[in-house]
Every structure is written in C-alpha cells, then in structure tokens.
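Worksheet: the structure to be examined is printed underneath.
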Amino acid sequence: MEFLTELSKEAISNLGELALKYTVKQFAYAIHHKKIIANLKEEH
1347 MEFLTELSKE AISNLGELAL KYTVKQFAYA IHHKKIIANL KEEH
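Under our numbering, think of the first position of the sequence shown as 1347, with each following residue one higher.
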C-alpha cells in the first residue's frame, strides 16, 4: 500500500511539473507574440 501512495505522489508531482512547463511556455508565447508575428511578416 505504501508503494501505491508513493507512486501516486510521484505521478501527481510529474503532472504538476508538466502543467507548470506548459503554462510557462504559453506565457512566454503571449509575451513574445508581437515579435513572432512581425518576424513572420518579414519572412513573407
């Protein structure tokens, strides 16, 4: 039973880490959105 508790804690920790990485990635994209769009317009 201890094994399952430890496994579920690790799984929740990993999910939290993935959610944080995704959130940071989206936040960075939102900050750099204008620059990204300007660069794309220059390429075409």
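Built from N, CA and C at the ideal position, the CB exists for glycine as well. Owing to the predicted nature of the structure, the values given are computational and were not obtained by experimental measurement.
If you draw a straight line from the Cα of Q1372 to the Cα of E1352, it is about 30 Å long.
In the three-state reduction of the DSSP assignment, H1379 falls in the helix class. Note on geometry: alpha-carbon atoms of Y1375 and L1386 lie some 14 Å from one another.
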